[in-house]
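Undergrad:
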Amino acid sequence: MSVKIKEMMDRPEVLLRGNFACAGCGLSIAYRTAISALDRPIVVIPACCASVIQSLHPNVTYNVPTLNIAFAAHAAAASGISRAKKRRGEKATTVVWSGDGGTYDIGVATWSGAAERNEDIIHFCYDNGFYSNTGAQRSGATPRGATTTTTPIGKQEKRKSVTRIMAAHDVPYIATASIGYPRDLHTKAKKAANIEGYRFILIDAPCPTGWNSEPAITPELGKLAVKTGYFPLYEIENGKLTFSRRGAKYRDPSNRLPVEEYFGKQGRFKRMNPQQVEELKKDLQFEWDMLSKLE
Ligand SMILES: Cc1ncc(C[n+]2csc(CCOP(=O)(O)OP(=O)(O)O)c2C)c(N)n1
Ligand code: SF4
Numbered sequence: 401m402s403v404k405i406k407e408m409m410d411r412p413e414v415l416l417r418g419n420f421a422c423a424g425c426g427l428s429i430a431y432r433t434a435i436s437a438l439d440r441p442i443v444v445i446p447a448c449c450a451s452v453i454q455s456l457h458p459n460v461t462y463n464v465p466t467l468n469i470a471f472a473a474h475a476a477a478a479s480g481i482s483r484a485k486k487r488r489g490e491k492a493t494t495v496v497w498s499g500d501g502g503t504y505d506i507g508v509a510t511w512s513g514a515a516e517r518n519e520d521i522i523h524f525c526y527d528n529g530f531y532s533n534t535g536a537q538r539s540g541a542t543p544r545g546a547t548t549t550t551t552p553i554g555k556q557e558k559r560k561s562v563t564r565i566m567a568a569h570d571v572p573y574i575a576t577a578s579i580g581y582p583r584d585l586h587t588k589a590k591k592a593a594n595i596e597g598y599r600f601i602l603i604d605a606p607c608p609t610g611w612n613s614e615p616a617i618t619p620e621l622g623k624l625a626v627k628t629g630y631f632p633l634y635e636i637e638n639g640k641l642t643f644s645r646r647g648a649k650y651r652d653p654s655n656r657l658p659v660e661e662y663f664g665k666q667g668r669f670k671r672m673n674p675q676q677v678e679e680l681k682k683d684l685q686f687e688w689d690m691l692s693k694l695e
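Printed below as a string of structure tokens:
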């Protein structure tokens, strides 16, 4: 059952005022919503916007212990922290907080090793579908057709399914969530905190600066991604997939809003031609079909 709003509001603030996030930043909403669900979090952050928005030394706007580290070391560093805390008999929730570049691409070796060892870590990936921190290059999470600085005519390949790659590691808990539905995200983070072993939560987190979207509609974009079937919501527990309430609803294509409604609100899809739109629709249905096999 989802947590109550009051319960969420009563949690400590983890991201303080004066941070450097752009207006309408989905990452900052994701961070506040997910990290505040955890008791005694220690957060390991590889290079990404999350390592930049925290401000400059000697100021810091993260209200929790934070370790900034190189891409290729995030889950390894978190493994060490988690084990050291256990050895000392101290309670902590050790977290990797990484962008999609650090999860789908550059950090795969480190999290794959930690997932195989079933380290006691929660890995959150805030997914804005590209490398925002370094000026909007494409990542493995960029959807087909989206323009980035390295895909000026739109990305030609389909988006990688990082949850299915993670599922192949047989970790105890995997979930997807969206900043459009903060209660669902907070509830899944809390649930993950009560499970032992490697847990992974992929969060759809719009980036108005790189997506060329209106900052004020960030939550609406999060909702639209779900309602159009672009971003399915589900959990995979010990290998078995269950669609979340909204995931189950939009599994049926006749319940979905036209995906063009979602694309139309983002400049990054402006140059898509009808053929690319059709190909992208096929990519989305392919992913739904593959997920259904894990049910
Ligand atoms: C090994 C290595 N390669 C490249 C970089 C440069 N770099 C810093 S942040 C970043 C992009 C991170 O993208 P993502 O993980 O998606 O997070 P976002 O920037 O979108 O928040 C890159 C390529 C780096 N710091 N280290
Ligand atoms: S570039 Fe995007 S992800 Fe980075 S701080 Fe700005 S809105 Fe957030």
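Under my numbering, the first residue of the sequence shown carries the number 401, and numbering increases by one thereafter.
Every residue gets a Cβ at the ideal spot worked out from N, C-alpha and C, and that includes glycine.
Find the nearest neighbour of Cys422 within the set Thr618, Lys558 and Trp688, judged by alpha-carbon distance.
TA: The shortest Cα separation from Cys422 among Thr618, Lys558 and Trp688 belongs to Thr618.
Undergrad: How should Ile601 be labelled, buried or exposed, when 16 other C-beta atoms within 10 angstroms of its C-beta is the threshold for buried?
TA: With 16 or more Cβ atoms within 10 Å of its Cβ, Ile601 is classed as buried.
Undergrad: Between which two residues does the alpha helix (DSSP H) containing Tyr662 stretch?
TA: Val659 to Phe663 is the span of the alpha helix (DSSP H), which, as asked, contains Tyr662.
Undergrad: DSSP state of Glu490, grouped into three classes?
TA: Coil at Glu490, not helix or strand.
Undergrad: Give the DSSP bridge partners of Gly499, in chain order.
TA: Paired residues: Tyr526.
Undergrad: Within 10 angstroms of its Cβ, does Asp439 collect 16 or more other Cβ (buried), or is it exposed?
TA: By the 10 Å Cβ count, Asp439 comes out exposed.
Undergrad: Please report the Cβ distance between Asp604 and Asp683, rounded to the nearest whole angstrom; I am assuming they are in contact, meaning their Cβ atoms lie under 8 Å.
TA: With 8 Å as the limit, Asp604 and Asp683 do not qualify as a contact, their Cβ atoms being about 16 Å apart.
Undergrad: Less than 9 Å between the C-beta atoms of Met515 and Val495, yes or no?
TA: According to the sequence shown, residue 515 is Ala rather than Met. Contact flag unset, no.
Undergrad: Please name the residue in Ser654, Asn638, Ala484 and Leu621 whose C-alpha comes closest to that of Phe663.
TA: Among Ser654, Asn638, Ala484 and Leu621, the Cα nearest to that of Phe663 belongs to Leu621.
Undergrad: Within 10 Å of its beta-carbon, does Leu415 have 16 or more other beta-carbons around it, so buried, or fewer, so exposed?
TA: Classification of Leu415: buried, given that the 10 Å Cβ count is 16 or more.
Undergrad: Let's see if you can read the secondary structure: which residues bound the alpha helix (DSSP H) around Ile445?
TA: Element bounds for Ile445: not the alpha helix (DSSP H) but the beta strand (DSSP E), Pro441 to Ile445.
Undergrad: Pull the bridge partners of Gln385 from the DSSP assignment, please.
TA: Residue 385 cannot be examined here, being either before or after the span of the chain that is shown, 401 to 695.
Undergrad: Give the secondary structure of Ile521 by DSSP, where H, G and I count as helix, E and B as strand, and everything else as coil.
TA: DSSP places Ile521 in coil when its eight states are reduced to three.
Undergrad: Could you tell me whether the Cβ atoms of Asn658 and Thr628 are closer together than 9 Å?
TA: For the record, residue 658 in the displayed sequence is Pro; it is not Asn. Going by C-beta atoms, Pro658 is nearer than 9 Å to Thr628.
Undergrad: According to DSSP, is Lys640 part of a helix, a strand, or is it coil?
TA: If DSSP states are grouped into helix, strand and coil, Lys640 belongs with the strands.
Undergrad: If you follow the beta strand (DSSP E) that Asp604 is in, where does it begin and where does it stop?
TA: Run containing Asp604: Arg599 to Asp604, per the beta strand (DSSP E) assignment.
Undergrad: Who are the near neighbours of Glu695 in its chain, counting only those whose CB is closer than 6 Å to its CB and skipping five residues on each side?
TA: Contacts found: Leu641.
Undergrad: Could you give the first and the last residue of the continuous alpha helix (DSSP H) run that contains Ile405?
TA: Taken as a continuous stretch (DSSP letters only), the alpha helix (DSSP H) holding Ile405 covers Ile405 to Met409.
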